[in-house]
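Enquirer: Here the sequence shown is numbered in numbering that gives the first Met the number 0, starting from 0 and rising by one per residue.
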Amino acid sequence: MKAFKFKLESILDFRKGMEDLLKKNLASAKENLNIKENELNSVINDYLEDVKELLEKGELTPSDMAVFSTHLNYLKEDIENGEKEVESFRKTVSERRDEVMGARKERMILDFLKEKNYKEHKRLGSKEEQSVIDEFNSNNFKKAEYE
Numbered sequence: 000m001k002a003f004k005f006k007l008e009s010i011l012d013f014r015k016g017m018e019d020l021l022k023k024n025l026a027s028a029k030e031n032l033n034i035k036e037n038e039l040n041s042v043i044n045d046y047l048e049d050v051k052e053l054l055e056k057g058e059l060t061p062s063d064m065a066v067f068s069t070h071l072n073y074l075k076e077d078i079e080n081g082e083k084e085v086e087s088f089r090k091t092v093s094e095r096r097d098e099v100m101g102a103r104k105e106r107m108i109l110d111f112l113k114e115k116n117y118k119e120h121k122r123l124g125s126k127e128e129q130s131v132i133d134e135f136n137s138n139n140f141k142k143a144e145y146e
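(1) Can you tell me whether residue 47 is helix, strand or coil according to DSSP?
(2) Give me the residue from 19, 46, 12 with the minimum Cα distance to residue 72.
(3) For a test of the three-state rule: what should DSSP assign to residue 2, helix, strand or coil?
(4) So, helix, strand or coil for residue 58, using DSSP?
(5) Report back the beta-carbon spacing between residue 106 and residue 18 to the nearest angstrom; my notes put them in contact at under 8 Å.
(6) Can you list, in chain order, the residues of its chain with a C-beta nearer than 8 Å to that of residue 92? Leave out the 5 residues immediately preceding and following it.
(7) Is the stretch 3-23 in contact with the stretch 107-118, if contact means three or more CB pairs nearer than 8 Å?
(8) Which residues in the same chain as residue 21 place their Cβ atom closer than 8 Å to its Cβ, once the five residues preceding and following it in sequence are excluded?
(9) Using the Cα positions of residue 60 and residue 86, report the straight-line distance between them to the nearest angstrom.
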């Protein structure tokens, strides 16, 4: 029996490579999202600490209020921009995840086809083997009859 050779092996290897590459892209996108979320959380914590500090000070002069107000507005703007960036990174992660799922489906189709072809190859090999055995037994039986 000949060794099994899947005719689409090179395509399967290519799809596996693409899937691995897309998985790396997804991991990178997730890492970037985590970094942005940490940066956003840091700005939010700064804002909350500054508000707490403002409340603890009690009475403030108008110039202190103006400085705090400007600073808090700056932090609010940073928070809004950070939220937009985080949302953009979440969208990117979602897109990368969809790409990985698509690549996985394409690879799995070929894996299934390879497995199906392998089973057929084994079945035909077993059938061929059985016919050789049957022929051998038949020849031995005929030989025994003549003796």
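Where is the CB? At the ideal position from N, CA and C, for every residue including glycine.
Expert: On the basis of the supplied data:
(1) Residue mapping note: residue 47 aligns to position 48 of the sequence shown, counting from 1. When secondary structure is reduced to three states using DSSP, residue 47 falls in the helix class.
(2) One-based indexing of the sequence shown puts residue 72 at position 73. When each option's Cα is compared against that of residue 72, the closest is 46.
(3) Along the sequence shown, read from residue 1 onward, the residue named residue 2 stands at position 3. Correct three-state label for residue 2: coil.
(4) Numbered from 1 along the sequence shown, position 59 holds the residue referred to as residue 58. Here residue 58 sits in coil by DSSP.
(5) On the sequence shown, residue 106 is found 107 positions in, with the first residue counted as 1. On the sequence shown, residue 18 is found 19 positions in, with the first residue counted as 1. In this structure residue 106 is in contact with residue 18, their Cβ atoms being roughly 5 Å apart against a cut-off of 8 Å.
(6) As a first step, residue 92 is located in the sequence shown; it is residue number 93 there, counting from the start. For residue 92, where only same-chain residues beyond five positions count, the Cβ hits under 8 Å are 25, 28, 29, 32.
(7) Yes, the stretch 3-23 touches the stretch 107-118.
(8) Working through the sequence shown from its first residue, we reach residue 21 at position 22. 95, 98, 99, 102.
(9) Position 61 of the sequence shown, counted from the start, is the residue given in the question as residue 60. Position 87 of the sequence shown, counted from the start, is the residue given in the question as residue 86. Computed Cα separation, rounded: 38 Å.
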